[in-house]
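Residue numbers (our numbering): 148 to 399.
Even for Gly, the Cβ is constructed at its ideal location relative to N, Cα and C.
Since the structure is predicted, the reported quantities are computational estimates derived from the model, not experimental observations.
Pasting the structure below:
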């Protein structure tokens with residue numbers, strides 16, 4: 148039996164994924180850029196942080212008129228220790244904790260990082276305070292990390308933003324970097340099909356006792372679930388059965 152082919156792939160948007168954010172998320176991101184955490188007060192009085200466009204329980208629309216400032220201090224609800232951060236995956240270059248943090252005045256928690264040296268410094272219920280970047284642009288990473296905080300201690304000042312022509316403008320869009328590395332094990336039928344392409348052939352398959360031939364990499368007969376274990380060479384000419392016209396070219 149031929150060993151199944153294995154391929155490694157990376158899915159990445161060149162330059163990042165660009166999206167508009169709308170009024171509600173835009174208001175939240177604008178607050179982060181300006182050094183504050185805001186949430187949306189829902190009809191039943193709960194404060195949702197981070198806010199979404201709709202109440203997750205009732206689906207009622209959320210309005211920017213119902214925003215309130217929360218924090219800046221918060222409480223760790225739960226956490227997980229990252230002992231060996233990876234440069235291509237994590238923002239911090241040293242061990243840290245991922246934590247769900249509930250800002251004071253909020254009824255929900257936000258996921259972020261707590262910057263401490265060892266897991267012994269972490270505990271559920273501990274108090275933390277955000278450490279803000281000076282180069283904030285309107286994103287959750289405007290908070291570099293959260294740090295331990297003792298109630299009654301002075302609240303650290305938020306670093307001022309550098310002067311820019313966009314100062315004071317609302318955040319309307321974001322560019323998000325993203326990369327997914329994954330490995331595909333082709334399996335028997337896909338390996339058979341790919342090796343055939345390498346030889347200039349299109350190889351399909353059919354199940355024992357069936358006359359239906361399925362081209363490409365379908366590994367089972369969709370009508371019976373039986374494996375398409377019998378190889379069948381098919382023609383390199385065919386008929387278009389459906390199609391889609393792309394009118395708008397992609398940015399990349």
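Asked: Selection from 380, 159, 239 and 224 that minimises the alpha carbon distance to residue 329; Found: 159
Asked: First and last residue of the uninterrupted alpha helix (DSSP H) at residue 308; Found: Counting along the chain, residue 308 falls outside any alpha helix (DSSP H), and DSSP gives it neither H nor E.
Asked: Within the stretch 333-394, ranges of the beta strand (DSSP E) (whole runs, at least 3 residues); Found: 349-353 and 377-381
Asked: Collapsed DSSP secondary structure at residue 172 in the structure displayed; Found: helix
Asked: Contact under 7 Å by Cβ, residue 263 with residue 275; Found: no
Asked: C-beta atoms of residue 331 and residue 340 nearer than 7 Å; Found: no
Asked: Rounded distance between the beta-carbons of residue 223 and residue 272, thought under 8 Å; Found: 7 Å
Asked: Whether residue 257 touches residue 219 by CB criterion (7 Å); Found: no
Asked: For residue 318 and residue 221, the rounded distance between their alpha carbons; Found: 25 Å
Asked: Alpha carbon of residue 211 to alpha carbon of residue 170, nearest angstrom; Found: 7 Å
Asked: Sub-7 Å separation of residue 179 and residue 254 beta-carbons; Found: no
Asked: Member of 270, 265, 284 and 295 whose CA lies at the smallest distance from the CA of residue 277; Found: 295
Asked: Continuous beta strand (DSSP E) assignments of at least 3 residues falling wholly in the stretch 190-238; Found: 214-217 and 221-229
Asked: DSSP bridge partner residues for residue 185 (one or two, in chain order); Found: 216
Asked: Whether residue 151 touches residue 373 by CB criterion (7 Å); Found: no
Asked: CB contact flag (residue 353, residue 375, <7 Å); Found: yes
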